[in-house]
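Everything in the first sequence is counted per UniProt numbering, starting at 1 for the first residue and increasing by one. Report on the following structure.
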Amino acid sequence: MSWTDERIDQLKGMWEKGMTASQIADELGGVSRNAVIGKAHRLGLQSRPSPVKANDAPRKKPVTRKPDTQGAEPRAAAPAPAAAPSSPTRAEADTPPFDTQDESTQPLDVSAPAPRPQQRIVSIGPGGFMRQGPGDQQAPIPPAPPRRLVPAKPSPEIADKTSLLDLTEKICKWPMGHPGEPDFHFCGEKVNPGFPYCVEHCGRAYQAQLPRGTRRPPPPMPFGGPRVR
DNA sequence: CCCTGATTCGC
DNA sequence: GCGAATCAGG
Numbered sequence: 001m002s003w004t005d006e007r008i009d010q011l012k013g014m015w016e017k018g019m020t021a022s023q024i025a026d027e028l029g030g031v032s033r034n035a036v037i038g039k040a041h042r043l044g045l046q047s048r049p050s051p052v053k054a055n056d057a058p059r060k061k062p063v064t065r066k067p068d069t070q071g072a073e074p075r076a077a078a079p080a081p082a083a084a085p086s087s088p089t090r091a092e093a094d095t096p097p098f099d100t101q102d103e104s105t106q107p108l109d110v111s112a113p114a115p116r117p118q119q120r121i122v123s124i125g126p127g128g129f130m131r132q133g134p135g136d137q138q139a140p141i142p143p144a145p146p147r148r149l150v151p152a153k154p155s156p157e158i159a160d161k162t163s164l165l166d167l168t169e170k171i172c173k174w175p176m177g178h179p180g181e182p183d184f185h186f187c188g189e190k191v192n193p194g195f196p197y198c199v200e201h202c203g204r205a206y207q208a209q210l211p212r213g214t215r216r217p218p219p220p221m222p223f224g225g226p227r228v229r
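As structure tokens, this is what we get:
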């Protein structure tokens, strides 16, 4: 399988939706998990919460790969000049998608949030409510960061539709639309007893449920793919 | 063990 | 550019 534009598009979409590389590979079919990861990196889609990334240790381990077929090692031994052992080598692994401030201001000082001595925080908005008793002497939590708050938008458009909070064991959880879109909601029908979906969507969900590794040509799954609606 | 993503490097 | 092999954390 080759990476057609469409497949790349699907990969991007799924990757950004948080699907794991295995799921994506399985969904696309014809590619391995490694292929997905490799492609994602080549595409520049980088670093989502990864299990192994927190460490800063220089991983200089000449792994012996391809033990066979190569009589001599053609690679010239790279004289890795161990430059700065203690300095933070790489840029921070996964910087949140917030605006990066000018790095020239402070080299590295995240420890001090500079709390106002006199200011007393009594509460923060609905998103991060916090209290402080009369005897409290210090603000244990830094003031509400100037984060860009995403307003919870209960769009009237979905007022009568089934939202995430409306889901129970009895109603169909089949997603309608795409997450993040204003009209994203769930089916909401009465479920097929014993299944998370209604009868109709059970048909969609389980029809092409073939054993792992089996190619699935183009099943009308609710995620990924071009947005045809 | 399973899973995950990251990285390397022969092709 | 691709992806198997490998690494490494959970």
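Here a beta-carbon is modelled for each residue, glycine too, at the ideal position from N, C-alpha and C.
query: Assigned exposure category for K170 - 16 Cβ within 10 Å defines buried; result: exposed
query: Backbone CA spacing between A205 and A35 [nearest angstrom]; result: 26 Å
query: N-terminal and C-terminal residue of the alpha helix (DSSP H) that I37 is part of; result: R33 to L43
query: DSSP state of L108 mapped onto helix, strand, coil; result: Caution applies to L108, whose pLDDT of 43 falls short of 50 and renders its modelled position unreliable; the model cannot decide the point.
query: Sequence-distant residues of the same chain with beta carbon closer than 8 Å to L43, five excluded per side; result: I8, L11 and K12
query: Collapsed DSSP secondary structure at H178 in the structure displayed; result: coil
query: Among W174, P182 and D183, nearest to E200 - alpha-carbon criterion; result: W174
query: W15 vs A40 beta-carbon contact at 8 Å; result: yes
query: M14 - containing alpha helix (DSSP H), residue span; result: D5 to K17
query: D102 (DSSP reduced to helix, strand or coil); result: At D102 the pLDDT is 44, less than 50, meaning the model places this residue with poor confidence; the figure from the coordinates comes in the next sentence. In this structure, D102 counts as coil in the three-state DSSP scheme.
query: Best match in I37, G177, T168 and G180 for proximity to residue 230 [C-alpha to C-alpha]; result: The requested residue 230 is not part of the displayed model; the chain covers only 1 to 229.
query: Segment limits, alpha helix (DSSP H) that includes D26; result: A21 to L28
query: Selected residue, minimal CA-CA separation from L45, among G30, K161, D26 and G18; result: G18
query: Proximity winner among C172, V191 and L164, relative to G180 (alpha-carbon distances); result: L164
query: Rounded separation between P74 and D26 - CA only; result: Because the pLDDT of P74 is 39, which lies under 50, any placement of that residue in the model is unreliable, and the question is left without a value.
query: Whole-number beta carbon distance between K161 and H178, since they are thought to touch under 8 Å; result: Not quite, the Cβ-Cβ distance comes to about 14 Å (not below 8 Å), so this is no contact.
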